[in-house]
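Peer 1: In the UniProt record's numbering, the protein residues as written are 1 to 1275.
#1: What three-state label does DSSP hand residue 635 in the structure shown?
#2: Once the 5 residues before and after residue 370 are set aside, which same chain residues still bring their CB inside 8 Å of it?
#3: If you reduce the DSSP assignment to three classes, tell me which class residue 11 lands in.
#4: Would you grab the beta carbon distance between residue 785 and residue 750 for me? Rounded to a whole angstrom, and I think it's under 8 Å.
#5: In chain order, what residues of the same chain lie with their CB nearer than 8 Å to the CB of residue 992, ignoring the 5 residues before and after it?
#6: Along the beta strand (DSSP E) that carries residue 544, what are the first and last residues, could you check?
#7: Using CA atoms only, rank isn't needed, just tell me which of 271, 216, 363, 279 is closest to residue 291.
#8: Inspect the beta-carbon positions of residue 467 and residue 138 and report whether they are closer than 9 Å.
#9: Using the beta-carbon count (16 or more within 10 Å), is residue 211 buried or exposed?
#10: Scan the stretch 429 to 463 and note each continuous beta strand (DSSP E) run of 3 residues or more that stays entirely inside, going in chain order.
#11: CB residue 67 to CB residue 129, shorter than 9 Å?
#12: Which residue comes first and which comes last in the beta strand (DSSP E) that contains residue 470?
#13: For residue 514, count neighbouring Cβ atoms within 10 angstroms of its own Cβ and tell me buried if that reaches 16, exposed if not.
#14: Would you mind working out which of 175, 577, 546, 417 sits nearest residue 92, comparing C-alpha positions?
#15: From 986, 924, 888, pick the residue whose C-alpha is nearest to that of residue 939; which is it?
#16: Could you check which residue in 899, 780, 914 has the C-alpha nearest to that of residue 866?
#17: At the level of alpha carbons, what is the spacing between residue 100 and residue 298?
#18: Less than 7 Å between C-beta atoms, sequence neighbours within five positions excluded: which residues of the same chain meet that for residue 872?
#19: How big is the Cα-Cα spacing for residue 799 and residue 1018?
#20: Nearest by alpha-carbon distance to residue 430: which of 400, 595, 407 is it?
#21: Distance check for residue 287 and residue 206, CA to CA, integer angstroms please.
#22: What do you get for residue 713, buried or exposed, if any count of 16 or more other CB atoms within 10 angstroms of its CB means buried?
#23: Are the beta-carbon atoms belonging to residue 1067 and residue 563 less than 9 Å from one another?
#24: Does the beta-carbon of residue 841 have 16 or more other beta-carbons within 10 angstroms, so that it is buried, or is it exposed?
#25: If we ignore side chains and look at the alpha-carbon of each, how far apart do residue 11 and residue 17 end up?
#26: Among residues of its own chain, excluding the 5 on either side of residue 365, which ones have a beta-carbon nearer than 7 Å to its beta-carbon?
#27: Classify residue 1047 as helix, strand or coil using the three-state DSSP reduction.
#28: Measure the Cβ-Cβ separation of residue 1031 and residue 997 and say whether it is below 9 Å.
#29: By Cβ distance, which residues of its chain are closer than 8 Å to residue 1011, with the 5 residues on each side in sequence left out?
#30: Could you have a look at residue 169 and say whether DSSP puts it in helix, strand or coil?
#31: Who are the Cβ neighbours of residue 805 in its own chain at under 7 Å, not counting the five residues just before and after it?
#32: Under the assumption that residue 223 contacts residue 361 (Cβ atoms under 8 Å), give the Cβ distance between them as a whole number of angstroms.
#33: Specify the secondary structure class of residue 1261 as computed by DSSP and reduced to three states.
#34: On the DSSP letters alone, give me the boundaries of the alpha helix (DSSP H) that residue 238 sits inside.
#35: Keeping to the same chain, check which residues put their C-beta closer than 6 Å to that of residue 1137; ignore five residues upstream and five downstream.
#36: What is the C-beta distance between residue 832 and residue 1109, in whole angstroms, given that I count them as a contact (C-beta under 8 Å)?
Structure, rendered in structure tokens:
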């Protein structure tokens, strides 16, 4: 149901947000408000020349996020991010001073924290998450792509490895100012007490008197009471109690007295263990429960939720009480060191305390001191009895963190505090400084979860569970990059209806040189801006006046002829921009990043040039207005507009419209003093609210034919024009290529979800049709957009020297060779084809067929069937696929082996999976043991996964798409059928199943490591002739794959051939003393590009492109064929900046029009668009009709006016905490004056100071120092 505040529910289907619903919501919001804009970030990165240079140069528009329970230090306390998103609005939070400005670069050196304003927190969806744990005990659950700050800069959480360092909060955070207790506690203190002990809601006077001093506000003392309760107390439904040692009861007498003052006398008892027990009944228990204390076991204790939102003094009091009750000071005389320790059997409690301490600038480390065990303890009856003892943990503070604790918190007991302070006063040396760093110990998948993020615009950072992280945000430029934009006025190049192409081409060179000069002449606001700008030298040359140019050429904006002409102009612009930049590179040198990665850019086909990118499609709103032409590549909005400039609307007539109209004599009724009556023309233009001239008969027909305005043009024609420009700018680098040209059924495709048979990439669909594919990428990261079923086609098989083979379409399928793409049927034995090492793994733990599919048909023992794939099950299945057998009739599932190590592994994995020990029989003649289970149900389950019979064995889908660990476990089990070959390495499998051999080889190749070989040989016996298939692995893969049998563990060095691009060969220079000199000379003398990997390693050449020799090509008749369509970029030359070009829609446009515009934008090659429907915002830059606020007020319905009148008559409400003390009106009166100041260096600086006044009092002071990015603002 819709919430009271109007928030609408999000539908879920299978735990996920339906894509169609989300698509419609995006379009609806764009229709209603003009937001959000839309960019196709995959396309942007595909067309980026920097895509292969790592995450530093990736253009990102994803929302990496945290789970809802992640705590953020804010003005409201340590609040879960889910709550911040639910409450909405902006808020203040704490960022670490080491977080670099702008969200990029290395950490800054200054420790401490700063308070900054976050725009908002928001829900981003249900996504796969990982749980990151540190050696210090900090934990955070987040999406694997979320950036965490390391000493080297931001890194993706999922790519961190155990041992990696991450930065944590290094200073004090924020605490709420609100002193009132939470509402539930106030309800107990104020309402529950009134009615307690009586009937009819009246209550008893003595009860009210007993609890008259119950706290209603936070205090240090209440914090102490909560801390002591968690440390040495208990909470039950019927009461609450506190324990004190005899020494503490005497030293801290004020605390029991205070508790009695709050809760009444209670009962005080001295126990047998020489402690005092103070107990109170139900109402105090309800009070503490209302503050968030749980009636929990010692192992399940947590910090009360209210403490995370309590003022600083209450938090300090809580920590004082908790450490005084359960903490200690440990002095190591030998090391002359001391630590403060808090012991607990609840690790979650210590993690909560760790966050509270970190928000005070104190970093503690959690240690596990004792495992769970059984211990003999007094039984309370004078004897002893063994009891289970929970694990024990300690939170340890040392060095400067210990000193900070002594200063900011301390102990309640004078003895403990004195012991600590005495050590600090007499220590022989100063405290060692512990850096605010944490060490990663593990990163594990944690399933899927609702996730959230926030936006902090200055450092683009936040602190999440104490860890410094990057926040969300589109980064259309790489980190730290500023814009260097300029635009050519296309209308100025149209003379007598023709576009002056030669003059335009010449001026493109001038414009590129000018913008490149700007990068050197400019004084940058921030060092990282200058560093990024000069490393890449990115330019953004665009256009304005496109619509004017088309009108002057007599081409309607929405016509195909117009789009063809624009494509020609934009293509010329691209060609000349490239030539100009290449000429500048010869004159001034290429951009520095090109020099640092010359081989990479040359491999992309990018010749040396001065700038990484040259062109953009920018809006040019202000500059086009100054030039008197249409903005960017947009149509003319209207011949007459009210343009919002500052806070006022100014009337503007489009100059070209005036020029065209004045070429004709005035129409009857529209003349004034022999000229056009412009007041009357403007009046007519405004009548329909669209600003169109199409329905105005007094406008000459030749003008009406070409003067198409924004609301005359169909939304899709807006998009098509943008697509024409974008394709022209990216023409030499954009390619949407339909890969494969059909390959045979059963072929495994390496994808982002593991190895998938090509026929299973999409659900079945009719022959010769495409089916859309969502959320799937190739192993190289390119999006698979569609799946094609071709039916049966003539096929050709190519077999290579590594034993692998591929069946493709005879007519069309190509393979990549050193000479380029070649048809498979044209290849000959001895030809070389190229391959690539690409890892491809799935998430693991995929679901298995449900147990209900294998019903128990007898009264035999019911073995539990696994529900998901695991490493143990993969190993079990691998062993059965290699040396095992199944018999449904008897329920036999087992293996035969002589090796005791194999038998032990089989027993262990069976016990883990099924909770039983396998039966064992011994063949005394051969010494072979049969280890087996008897379960017909299990036999059917196993055969469903790996097949039945030696020739029909296969690898389950759940392993092909499994995690690396599951794959290795299966291959390890498969080695029972293998042996060591002195030349080939480890033969993993040798058997009669061709499918198992093929899938096993692809499974091995999916690790992206050489070398994997597929073999086959013919076996002749008196009874039959058959083929045996094998898989052999060597090289680095042997380091991962450890056979069960020790005698099969072998290291076999192997060589393999790789392809070296010509540019790399040409660029290689070594002296005669270099160990690879003779190899380089031999390669050049022979004129080859295929070398052994050892040679490549010696010369520092890449080894990821493998070279294979063709050994056989044969036709295979008709075969079922499939294809996938992949968005891929072969080469990149020109890249434009991300553009959010606006499509102006009339007020009557529908949400469906917006959706259609989005789809057309993607189809036509746009990188992004923004849709704006007339009237969808309160204020808009351009409008045909000027609407005053008074007119809007009059248009309000009577009911709304009445409500406003009531509101005005009501007495003013006292402002809440954090609210402004006045309601700011839309317009204020004030005055502005100039103030001139001298800098410390003696330079003059001028500032404009505006003081706004309300009811005779100054309420705002605004300092204007200049344009954003100038020196004054930077200082």
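All C-beta atoms in this analysis are idealised placements derived from N, C-alpha and C, irrespective of residue type, glycine included.
What you are looking at is a predicted structure, and each value in this text was computed from that prediction instead of being measured.
Peer 2: Result, derived from the coordinates:
#1: As a working note, residue 635 is residue 635 in the chain shown. In this structure, residue 635 counts as coil in the three-state DSSP scheme.
#2: Along the chain shown, read from residue 1 onward, the residue named residue 370 stands at position 370. 389, 391, 392, listed in sequence order.
#3: The count along the chain shown starts at 1 and reaches residue 11 at position 11. Residue 11: coil per DSSP, three-state reduction.
#4: Working through the chain shown from its first residue, we reach residue 785 at position 785. Working through the chain shown from its first residue, we reach residue 750 at position 750. Not really, about 17 Å apart at Cβ, beyond 8 Å.
#5: Numbered from its first residue, the chain shown carries residue 992 at position 992. Correct list, in chain order: 950, 951, 1026, 1027, 1028, 1029.
#6: Start at 1 with the first residue of the chain shown, and residue 544 comes out as number 544. That run of the beta strand (DSSP E) goes 540 to 544.
#7: Locating residue 291 in the chain shown gives position 291, counting from the first residue. Checking every option, the nearest Cα to that of residue 291 belongs to 216.
#8: The count along the chain shown starts at 1 and reaches residue 467 at position 467. The count along the chain shown starts at 1 and reaches residue 138 at position 138. Result yes, Cβ atoms of residue 467 and residue 138 sit closer than 9 Å.
#9: Along the chain shown, read from residue 1 onward, the residue named residue 211 stands at position 211. Result: buried.
#10: 437 to 455
#11: On the chain shown, residue 67 is found 67 positions in, with the first residue counted as 1. On the chain shown, residue 129 is found 129 positions in, with the first residue counted as 1. Yes, they are a contact pair.
#12: Residue 470 sits at position 470 when you count from the first residue of the chain shown. Run containing residue 470: 467 to 470, per the beta strand (DSSP E) assignment.
#13: Counted from its first residue, the chain shown places residue 514 at position 514. The residue is exposed, with fewer than 16 neighbouring Cβ atoms inside 10 Å.
#14: Your numbering for residue 92 matches position 92 in the chain shown. Nearest option by C-alpha distance: 175.
#15: Taking the first residue of the chain shown as position 1, residue 939 is located at position 939. The residue with the shortest Cα to Cα distance from residue 939 is 888.
#16: Locating residue 866 in the chain shown gives position 866, where the first residue counts as 1. Ranking 899, 780, 914 by Cα distance to residue 866 puts 914 first.
#17: Here residue 100 refers to the residue found at position 100 when the chain shown is read from its first residue. Here residue 298 refers to the residue found at position 298 when the chain shown is read from its first residue. Rounded to the nearest angstrom, the two C-alpha atoms are 42 Å apart.
#18: Along the chain shown, one-based indexing puts residue 872 at 872. Excluding positions up to five away in sequence, the list reads 909, 912, 913.
#19: In the chain shown, residue 799 corresponds to position 799, counting from 1. In the chain shown, residue 1018 corresponds to position 1018, counting from 1. Roughly 17 Å between the two C-alpha positions.
#20: As a first step, residue 430 must be located in the chain shown, where it is residue number 430. Out of 400, 595, 407, 400 has the C-alpha closest to the C-alpha of residue 430.
#21: Your numbering for residue 206 matches position 206 in the chain shown. Your numbering for residue 287 matches position 287 in the chain shown. About 18 Å.
#22: Residue numbering aside, residue 713 sits at position 713 when the chain shown is read from its first letter. Result: buried.
#23: Numbered from 1 along the chain shown, position 1067 holds the residue referred to as residue 1067. Numbered from 1 along the chain shown, position 563 holds the residue referred to as residue 563. Not in contact: residue 1067 and residue 563 (Cβ atoms no closer than 9 Å).
#24: On the chain shown, residue 841 is found 841 positions in, with the first residue counted as 1. Under this definition residue 841 is a buried residue.
#25: Taking the chain shown and counting its residues from 1, the one referred to as residue 11 is at position 11. Taking the chain shown and counting its residues from 1, the one referred to as residue 17 is at position 17. Roughly 6 Å between the two C-alpha positions.
#26: The count along the chain shown starts at 1 and reaches residue 365 at position 365. Correct list, in chain order: 136, 137, 396.
#27: Taking the chain shown and counting its residues from 1, one reaches residue 1047 at position 1047. Reduced to three states, the DSSP call for residue 1047 is helix.
#28: Translated into the one-based positions of the chain shown, residue 1031 becomes position 1031. Translated into the one-based positions of the chain shown, residue 997 becomes position 997. Against a cut-off of 9 Å, the Cβ pair of residue 997 and residue 1031 comes out as a contact.
#29: For this step, residue 1011 is matched to residue 1011 along the chain shown. Counting only Cβ-Cβ distances below 8 Å, and skipping sequence neighbours, we find 802, 985, 1033, 1034, 1035, 1037, 1054, 1056.
#30: Residue numbering aside, residue 169 sits at position 169 when the chain shown is read from its first letter. In this structure, residue 169 counts as coil in the three-state DSSP scheme.
#31: Taking the chain shown and counting its residues from 1, one reaches residue 805 at position 805. Closer than 7 Å at Cβ, skipping near neighbours: 797, 798, 799.
#32: By 1-based counting over the chain shown, the position of residue 223 is 223. By 1-based counting over the chain shown, the position of residue 361 is 361. So it is not a contact: roughly 18 Å between Cβ atoms.
#33: To locate residue 1261, count along the chain shown from 1; it is residue 1261. Strand, per DSSP.
#34: Your numbering for residue 238 matches position 238 in the chain shown. Note, residue 238: premise wrong, no alpha helix (DSSP H); not H, not E.
#35: Taking the first residue of the chain shown as 1, we reach residue 1137 at position 1137. Legend: pLDDT at residue 1137 = 21, less than 50; position of this residue unreliable, value from coordinates given subsequently. 540, 616, listed in sequence order.
#36: In the chain shown, residue 832 corresponds to position 832, counting from 1. In the chain shown, residue 1109 corresponds to position 1109, counting from 1. About 6 Å separates the two Cβ atoms, so the contact holds.
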